[in-house]
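Be aware that the sequence shown starts at 22, since it is given in the numbering used here, and climbs by one per residue.
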Amino acid sequence: MHQMSDEEFERAIEEALDGLPPQFLEALENVAVVWEEEPSAYHLGYEGDEWGDGAPWSEADDEGVEPWNAAAVNDGLRDATGDEKDGEGGLSGDRLPDDLLGLFDGLSLVERADGYDEDGPAVITVFKGPHERCFGDRDEIVTEIGKTIIHELGHYFGLDEDQLAAMGYE
22 MHQMSDEEFE RAIEEALDGL PPQFLEALEN VAVVWEEEPS AYHLGYEGDE WGDGAPWSEA
82 DDEGVEPWNA AAVNDGLRDA TGDEKDGEGG LSGDRLPDDL LGLFDGLSLV ERADGYDEDG
142 PAVITVFKGP HERCFGDRDE IVTEIGKTII HELGHYFGLD EDQLAAMGYE
């Protein structure tokens, strides 16, 4: 596992973006590329109180629930709220998916064709922790960030998971 500082990870994203084919970048309109340390409950598709009391959101809430600590959950050291584990709790013993390297959140170009009112940008989020855990060195992380961004851009262009997999961007 190769760990990077936040600044190193940002530079890795910049390098990956610089390595993308120019036609991809030229076709982007109102799309932001951001990064997060770990996927949140929102990114994993959980809404409202599906987590129950003590939902592990990315920031402490009004009731003092501590931030989501996905890396510690995956390491088996803490439960989803960040408390030390006593053999119980956490995501019912489940690990978070390290295969969620990125996420596209927004309307694809196909969906925008039906009347896009430009409320806000589409967002491609790249997740630092899963990249660090899944890939062995900086060069491999940069390469995989590029693949992640291309995969998420595929969703922006209207491609589904099967089409992206057929193109080699699983």
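We treat Cβ as the ideally placed atom computed from N, Cα and C, and that holds for glycine.
State the CB to CB distance for the pair Ala-143 and Val-52, rounded to an integer number of angstroms; the pair is presumed to be in contact (CB under 8 Å). Contact between Ala-143 and Val-52 holds: their C-beta atoms lie close to 5 Å from each other, under 8 Å.
Figure out for me which residue from His-172, Leu-124 and His-23 has the closest Cα to the Cα of Ala-5. The shown model of the chain, from 22 to 191, leaves out residue 5, and the question about it has no answer.
Could you spell out the range, first to last residue, of the beta strand (DSSP E) harbouring Glu-125? Reading off the sequence shown, one finds Phe at residue 125, where the question assumed Glu. Annotation for Phe-125: the continuous beta strand (DSSP E) segment containing it runs 123 to 126.
With DSSP run on the structure shown, which of helix, strand or coil describes Phe-148? It is a strand residue.
Helix or strand or just coil, what does DSSP make of Ala-134? Three-state result, Ala-134: coil.
Look at Tyr-190 and Leu-49 and say whether their C-beta atoms are less than 9 Å apart. No, they are not a contact pair.
Please name the residue in His-64, Asp-120, Ile-162 and Arg-133 whose C-alpha comes closest to that of Ser-26. When only C-alpha atoms are compared, the closest one is Ile-162.
Would you grab the beta carbon distance between Leu-121 and Phe-148 for me? Rounded to a whole angstrom, and I think it's under 8 Å. Yes, they are in contact, since the Cβ atoms of Leu-121 and Phe-148 sit about 6 Å apart, within 8 Å.
Ala-62 - containing alpha helix (DSSP H), residue span: If you look at Ala-62, you'll find it isn't in any alpha helix (DSSP H); DSSP assigns it neither H nor E.
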